[in-house]
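With the first letter of the sequence shown counted as 1, position 62 gets the number 229 in this note's numbering; the numbers rise by one all the way through. Even glycine gets a Cβ: it sits at the ideal position worked out from N, Cα and C. Computed from a predicted structure; not experimentally measured. Let me begin by presenting the structure, written as structure tokens, before commenting on it.
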Amino acid sequence: MTNPSPTGSTPAPAPTLVSEKTWRNGTLVYNRAELVTLFCWLLWGDFALSLKDRSIPSLVQLQLQKLEASDTLSGLLIGSLPAVIGLLVLPVVGYRSDRHRGPRGRRIPYLLSFSMLAVVSMVGLAASPPLGQWLHVTLGAHSPGLANGTLIFFSASWTLFEFASIVLAGSLITAFINDVVPHSLLGRFYGLFRALSLIAGAAFNYWGLSWAENHLAAVFLGMAVLYGLGFTVMCFKVREGEYPPPPAPEEENRPSGAVLTYLRESFSQSYYWWVFLAIMVSWMALVPFTLFSVFYAKSVQMDMATYGKLWSLTYLCSLVLAYPLGMLADKIHPLRLSAWLMLCYAIATLWAGFFAIDARSFGIALVVQGVLSGGWQTASASLAQRLFPESRFAQLASAMGIVGGVTGIGLPLLVGKILDHSGHVYRYTFLMNSALSFLALAFTLVLWRRFRALGGPQHYVAP
Numbered sequence: 168m169t170n171p172s173p174t175g176s177t178p179a180p181a182p183t184l185v186s187e188k189t190w191r192n193g194t195l196v197y198n199r200a201e202l203v204t205l206f207c208w209l210l211w212g213d214f215a216l217s218l219k220d221r222s223i224p225s226l227v228q229l230q231l232q233k234l235e236a237s238d239t240l241s242g243l244l245i246g247s248l249p250a251v252i253g254l255l256v257l258p259v260v261g262y263r264s265d266r267h268r269g270p271r272g273r274r275i276p277y278l279l280s281f282s283m284l285a286v287v288s289m290v291g292l293a294a295s296p297p298l299g300q301w302l303h304v305t306l307g308a309h310s311p312g313l314a315n316g317t318l319i320f321f322s323a324s325w326t327l328f329e330f331a332s333i334v335l336a337g338s339l340i341t342a343f344i345n346d347v348v349p350h351s352l353l354g355r356f357y358g359l360f361r362a363l364s365l366i367a368g369a370a371f372n373y374w375g376l377s378w379a380e381n382h383l384a385a386v387f388l389g390m391a392v393l394y395g396l397g398f399t400v401m402c403f404k405v406r407e408g409e410y411p412p413p414p415a416p417e418e419e420n421r422p423s424g425a426v427l428t429y430l431r432e433s434f435s436q437s438y439y440w441w442v443f444l445a446i447m448v449s450w451m452a453l454v455p456f457t458l459f460s461v462f463y464a465k466s467v468q469m470d471m472a473t474y475g476k477l478w479s480l481t482y483l484c485s486l487v488l489a490y491p492l493g494m495l496a497d498k499i500h501p502l503r504l505s506a507w508l509m510l511c512y513a514i515a516t517l518w519a520g521f522f523a524i525d526a527r528s529f530g531i532a533l534v535v536q537g538v539l540s541g542g543w544q545t546a547s548a549s550l551a552q553r554l555f556p557e558s559r560f561a562q563l564a565s566a567m568g569i570v571g572g573v574t575g576i577g578l579p580l581l582v583g584k585i586l587d588h589s590g591h592v593y594r595y596t597f598l599m600n601s602a603l604s605f606l607a608l609a610f611t612l613v614l615w616r617r618f619r620a621l622g623g624p625q626h627y628v629a630p
């Protein structure tokens with residue numbers, strides 16, 4: 168019972184407490200300050216990851232050209248090899264990380280391990296020329312030659328690099344983000360994620376690429392240090408939440424049982440096949456030109472300084488669009504937005520395949536396809552998180568990687584063979600991009616129809 172006030176007047180009402188807005192992902196709850204801190208640490212790790220991913224492949228193309236590797240071998244190392252690695256490794260890592268429970272969570276232990284492998288591989292890339300020289304001198308008359316000796320060590324280091332990078336970018340980092348970022352903000356987060364990635368790419372291509380052409384070892388070592396520090400700090404600053412116990416059916420006690428469980432859970436539903444095909448064929452549509460863009464530029468007499476500045480312009484345009492596209496993806500759904508952008512990309516690359524025949528037209532085509540490609544990547548960045556069930560996200564993402572690996576192993580080799588037999592007519596890469604883009608669009612439209620049958624943008628429930 169309330170005591171009356173000394174004056175007999177009605178006591179003043181207690182002040183109303185306004186609850187602070189929070190965002191949730193599983194057991195993780197963030198207020199505004201905590202959410203900003205989370206985004207900052209994740210984006211710091213992404214900057215290191217993006218700088219590595221934006222710089223190393225271009226440097227590898229330059230080194231392969233210096234070593235006079237054929238287009239077929241370049242396609243094998245840059246394209247087919249990652250697909251094979253993804254096919255063999257992603258299912259195991261995705262399946263195991265979904266089921267791992269440890270004091271640092273289920274993703275961070277894997278992220279730390281594979282990031283250290285990436286650092287070692289970049290040191291190996293830097294050391295390949297002196298190691299090739301050592302092998303050439305040691306073997307004497309039996310040496311395969313200085314260039315081939317260097318290529319042996321370079322290829323081995325590149326294989327290790329792709330092994331680590333495919334696992335990090337193809338499965339773990341997206342699963343990690345899916346575990347810690349509130350799902351209502353995924354589109355916006357990936358907009359920022361893409362923006363920072365584009366800043367890293369623009370900075371390297373504008374200031375670093377022409378210099379790096381003559382200082383490859385120093386750049387490889389610098390990337391190793393920057394990436395190792397940046398990614399490691401992120402892993403120690405971001406915490407994962409608590410997860411429910413992993414499923415443990417009896418047959419998983421046997422290795423064959425785990426494989427059967429993986430295959431049954433990942434490939435038995437036709438709906439997810441359409442998800443796999445729509446996303447992975449879309450990624451394949453970006454491959455042919457990207458694999459040989461440095462060679463294409465040199466074939467039209469474009470110097471690396473100009474080439475790097477054009478990529479910087481591309482990244483700058485994409486940077487301006489990144490956050491608005493992320494917001495638009497949250498609003499209208501990434502599946503719808505990515506379909507429209509893929510249509511635009513298909514039309515643009517079809518034009519480029521016929522008309523990008525000199526340095527000027529090549530430069531225009533590079534920027535247009537780069538902006539549309541970047542737009543599609545931003546729009547579709549949260550697509551898997553919006554379509555896969557959270558409890559099996561990494562597993563289904565790795566299953567999608569298998570589909571991408573099977574379809575992608577032969578593509579770089581085929582592109583390289585076509586270019587070798589055509590006399591290195593690199594504009595054909597645009598025509599291949601366009602054909603794959605129209606195929607990807609067809610798969611995306613079928614997926615959209617199935618997606619709407621499951622509730623559509625407002626009421627979707629993953630099967």
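For residue i, count neighbouring C-beta atoms within 10 Å of its own C-beta (all shown protein chains included) and say buried if the count is 16 or more, exposed if not.
{"i": "valine 582", "result": "buried"}
{"i": "asparagine 381", "result": "exposed"}
{"i": "arginine 431", "result": "exposed"}
{"i": "serine 433", "result": "buried"}
{"i": "asparagine 170", "result": "Only weak support is given to the placement of asparagine 170: the predicted model assigns it a pLDDT of 45, under 50, and the question is left unresolved by the model."}
{"i": "tryptophan 543", "result": "buried"}
{"i": "glycine 571", "result": "buried"}
{"i": "tryptophan 374", "result": "exposed"}
{"i": "glutamate 235", "result": "exposed"}
{"i": "proline 491", "result": "exposed"}
{"i": "arginine 273", "result": "buried"}
For residue i, does the three-state DSSP call read helix, strand or coil?
{"i": "tyrosine 627", "result": "coil"}
{"i": "leucine 234", "result": "coil"}
{"i": "leucine 453", "result": "coil"}
{"i": "tyrosine 474", "result": "helix"}
{"i": "alanine 308", "result": "helix"}
{"i": "aspartate 220", "result": "helix"}
{"i": "glutamate 380", "result": "coil"}
{"i": "phenylalanine 522", "result": "helix"}
{"i": "glutamine 300", "result": "helix"}
{"i": "tyrosine 410", "result": "coil"}
{"i": "glutamate 187", "result": "coil"}
{"i": "serine 435", "result": "coil"}
{"i": "valine 400", "result": "helix"}
{"i": "arginine 274", "result": "coil"}
{"i": "methionine 509", "result": "helix"}
{"i": "glycine 541", "result": "helix"}
Can you give me the C-alpha to C-alpha distance between residue i and residue j, rounded to a whole angstrom?
{"i": "glutamine 228", "j": "valine 487", "result": "28 Å"}
{"i": "lysine 404", "j": "histidine 591", "result": "48 Å"}
{"i": "glutamate 201", "j": "methionine 494", "result": "21 Å"}
{"i": "leucine 257", "j": "tyrosine 394", "result": "22 Å"}
{"i": "glutamate 417", "j": "glycine 253", "result": "Only weak support exists for where glutamate 417 lies, its pLDDT of 46 falling under 50; the value from the coordinates is given anyway. Roughly 28 Å separates the two Cα atoms."}
{"i": "valine 628", "j": "arginine 355", "result": "22 Å"}
{"i": "proline 412", "j": "proline 296", "result": "49 Å"}
{"i": "tryptophan 441", "j": "isoleucine 585", "result": "29 Å"}
{"i": "alanine 546", "j": "leucine 504", "result": "6 Å"}
{"i": "cysteine 402", "j": "threonine 326", "result": "24 Å"}
{"i": "phenylalanine 360", "j": "leucine 302", "result": "42 Å"}
{"i": "aspartate 265", "j": "leucine 612", "result": "30 Å"}
{"i": "serine 351", "j": "proline 556", "result": "15 Å"}
{"i": "isoleucine 499", "j": "threonine 428", "result": "35 Å"}
{"i": "glycine 193", "j": "glutamate 409", "result": "8 Å"}
{"i": "asparagine 372", "j": "serine 466", "result": "19 Å"}
{"i": "isoleucine 333", "j": "cysteine 484", "result": "27 Å"}
{"i": "leucine 533", "j": "arginine 594", "result": "11 Å"}
{"i": "phenylalanine 328", "j": "glutamate 187", "result": "45 Å"}
{"i": "glycine 520", "j": "asparagine 600", "result": "9 Å"}
{"i": "tryptophan 450", "j": "serine 324", "result": "25 Å"}
{"i": "phenylalanine 443", "j": "phenylalanine 398", "result": "28 Å"}
{"i": "arginine 616", "j": "valine 454", "result": "27 Å"}
{"i": "threonine 183", "j": "threonine 341", "result": "Unreliable placement is indicated for threonine 183, whose pLDDT of 48 sits below 50; the coordinate value is still reported in the next sentence. C-alpha separation (whole angstroms): 41 Å."}
For the beta strand (DSSP E) that contains residue i, what are its first and last residues?
{"i": "tryptophan 190", "result": "190 to 192"}
{"i": "valine 348", "result": "That residue, valine 348, is in no beta strand (DSSP E); it is neither H nor E in DSSP."}
{"i": "leucine 195", "result": "195 to 197"}
Who pairs with residue i in a beta bridge, going by DSSP?
{"i": "tyrosine 159", "result": "Lying before the first or after the last residue shown, residue 159 is absent from the chain, which here runs from 168 to 630."}
Which first and last residues belong to the alpha helix (DSSP H) in which residue i is found?
{"i": "methionine 599", "result": "595 to 620"}
{"i": "glycine 575", "result": "560 to 588"}
{"i": "glutamine 552", "result": "550 to 554"}
{"i": "glycine 253", "result": "248 to 266"}
{"i": "leucine 318", "result": "313 to 334"}
{"i": "valine 461", "result": "460 to 466"}
Using a Cβ-Cβ distance cut-off of 8 Å, determine whether residue i contacts chain D.
{"i": "tryptophan 450", "result": "Given the protein chain composition of this structure (a single chain), no chain D is represented."}
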